[in-house]
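Residue numbers (my numbering): 7 to 259.
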């Protein structure tokens, strides 16, 4: 199973990366976390007729700007889009005029792009959509949800945007890999829902995860790759099995 990091910046795209998008290529399906600008690259990797599941953590623009790009794709199997219950109107607002190409509904929840998009709301807690999924609300100024999935017997947790809170452990405890935001170089005392490398490394240690991948680096703070390497060094002092993601990085688990 391969994890492709297609967008690793937070807030906006720069020469260090596009905004958030991660593609997992497993034996039976493709899974995408978030739809930032990096999503334009997925057709480089989606070559098989396997189901495609897209999970949206929240609707801050850097995590959903790529919804404007959906009509670039022509996947015969379509894309199942998943988000927290009550967020359907957010999707419908963005994937319609005046914000992007117009789409017509031919039946409930199915949209007429070249690739058929089916919308699905997930309840807080455990869900089974053909594979195990847990969704929990995490700490962020605007409602954000983290996901925990199991593919090929491996557990993967994804944070979206968040500070560390009680629900973080429900998503991440004991996972094979935790993919977590690292927006800050050093967090202020009153954070509105982001972490720095020291905070998340300590959390990974406390949660007993097996591997930590840092992504979603604040574009205005991490303006060079060298600054990401400094973050990696700081994190590894606390949690040695840490890797810093860059666009086009591929991890195998």
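Ideal Cβ placement from N, Cα and C applies to all residues, glycine included. Note that the coordinates shown come from a computational prediction; the quantities given were computed from them, not determined experimentally.
Query raised in the report: Assuming residue 181 contacts residue 193 under a Cβ cut-off of 8 Å, what Cβ separation, rounded to an integer in Å, is found between them?
Result: For the purposes of this step, residue 181 is taken as residue 175 along the chain shown, with counting starting at 1. For the purposes of this step, residue 193 is taken as residue 187 along the chain shown, with counting starting at 1. About 23 Å; that fails the 8 Å criterion.
Report task. Under the assumption that residue 247 contacts residue 220 (Cβ atoms under 8 Å), give the Cβ distance between them as a whole number of angstroms. Result -> Position 241 of the chain shown, counted from the first residue, corresponds to residue 247. Position 214 of the chain shown, counted from the first residue, corresponds to residue 220. So it is not a contact: roughly 12 Å between Cβ atoms.
Query raised in the report: residue 215: which of 160, 88, 239, 256 sits nearest, CA to CA?
Result: Here the question's residue 215 lines up with position 209 in the chain shown. Closest by alpha carbon: 160.
Query raised in the report: Taking the continuous beta strand (DSSP E) assigned at residue 248, which residues delimit it?
Result: Within the chain shown, the letter at position 242 stands for residue 248. Run containing residue 248: 248–250, per the beta strand (DSSP E) assignment.
Query raised in the report: The beta strand (DSSP E) spanning residue 12 covers which residue range?
Result: Here the question's residue 12 lines up with position 6 in the chain shown. First-last of the beta strand (DSSP E) with residue 12: 8–13.
Report task. Say whether the segment 38–53 touches the segment 91–102, bearing in mind that this needs 3 or more beta-carbon pairs closer than 8 Å, one atom from each stretch. Result -> no
Query - Bounding residues of the alpha helix (DSSP H) (the contiguous stretch that carries residue 217) - result: By one-based count along the chain shown, residue 217 stands at place 211. Where residue 217 is concerned, there is no enclosing alpha helix (DSSP H), given that its DSSP letter is neither H nor E.
Query raised in the report: Whose CA, out of 154, 79, 142, lies closest to the CA of residue 123?
Result: Indexing the chain shown from 1 puts residue 123 at position 117. That would be 79, whose Cα lies nearest to the Cα of residue 123.
Requested in this report: Excluding the 5 residues preceding and the 5 following residue 76 in the sequence, name in chain order all residues of the same chain whose CB lies nearer than 6 Å to its CB.
Outcome: For the purposes of this step, residue 76 is identified with residue 70 of the chain shown, where counting begins at 1. Around residue 76: 119.
Query raised in the report: What do you reckon, are the CB atoms on residue 62 and residue 31 nearer than 9 Å?
Result: Here residue 62 is taken as the residue at index 56 of the chain shown, counted from 1. Here residue 31 is taken as the residue at index 25 of the chain shown, counted from 1. Going by C-beta atoms, residue 62 is not nearer than 9 Å to residue 31.
Query raised in the report: According to DSSP, is residue 201 helix, strand or coil?
Result: Along the chain shown, one-based indexing puts residue 201 at 195. In the structure shown, residue 201 sits in coil (DSSP, three-state: anything other than H, G, I, E or B).
Requested in this report: Go ahead and label residue 142 buried or exposed: buried means 16 or more other beta carbons lie within 10 angstroms of its beta carbon, across all protein chains shown.
Outcome: As a first step, residue 142 must be located in the chain shown, where it is residue number 136. With 16 or more other Cβ atoms within 10 Å, it is buried.
Query raised in the report: Is it buried or exposed for residue 131, if we count other Cβ within 10 angstroms and need 16 for buried?
Result: In the chain shown, the residue the question calls residue 131 occupies position 125. Classification for residue 131: exposed.
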